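Single-structure report; data block below.
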Amino acid sequence: MDELDNLPVDKSKQMSPAETDILKRYFGDNKTNKKLLGELKEVIIATVLFMVMTTSFFDKCLEYLPYTGSPLIKMGLKALTYATLLYVAIIMLQ
124 MDELDNLPVD KSKQMSPAET DILKRYFGDN KTNKKLLGEL KEVIIATVLF
174 MVMTTSFFDK CLEYLPYTGS PLIKMGLKAL TYATLLYVAI IMLQ
């Protein structure tokens, strides 16, 4: 924080390269913020999709498919559906 305390207070002065480097280091670059926002959207989509697939409504929808009486088959179908929907959602996001 000593580097921030040493910054000039004069508003009419142009910022030096050292000052802009300090600002970028503490507050980030605009490109970095956009990348982090995109990653955050992907995490939110993955979380919401996972929460929807863990409901009993999704299990009841899977029961309409043949050969889904086994819990192992249901788990496999859920994993396959989750991966497919997550891939489609992330591709649509970009």
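Numbering (the numbering used here), first residue to last: 124 to 217. In this text, a Cβ means the ideal position worked out from N, Cα and C, and glycines have one as well. The structure presented is a predicted model; accordingly, all values stated were derived computationally and were not measured.
Using three-state DSSP, classify lysine 136 as helix, strand or coil.
coil
Just the C-alpha distance for threonine 170 and leucine 160, rounded to the nearest angstrom, thanks.
15 angstroms
Rounded to the nearest angstrom, how far is the Cβ of leucine 216 from that of lysine 164, given a contact under 8 angstroms?
With a Cβ gap of about 6 angstroms, leucine 216 and lysine 164 count as contacting.
Measure the C-alpha to C-alpha separation of lysine 138 and lysine 157 and round it to an integer number of angstroms.
Residue identity check: residue 138 is methionine in the sequence provided, not lysine. Rounded to whole angstroms, methionine 138 to lysine 157 spans 24 angstroms at the Cα level.
Is DSSP giving proline 189 helix, strand or coil here?
coil
Can you tell me the Cα-Cα spacing of threonine 178 and leucine 127, whole angstroms?
50 angstroms
To the nearest angstrom, how far is it from the Cα of lysine 147 to the Cα of lysine 197?
49 angstroms
DSSP three-state call for leucine 163: helix, strand or coil?
helix
My understanding is that isoleucine 168 touches alanine 206, with C-beta atoms under 8 angstroms, so please give their C-beta distance in whole angstroms.
So it is not a contact: roughly 13 angstroms between Cβ atoms.
Determine the direct distance from the alpha carbon of leucine 200 to that of proline 189, and round the result to whole angstroms.
12 angstroms
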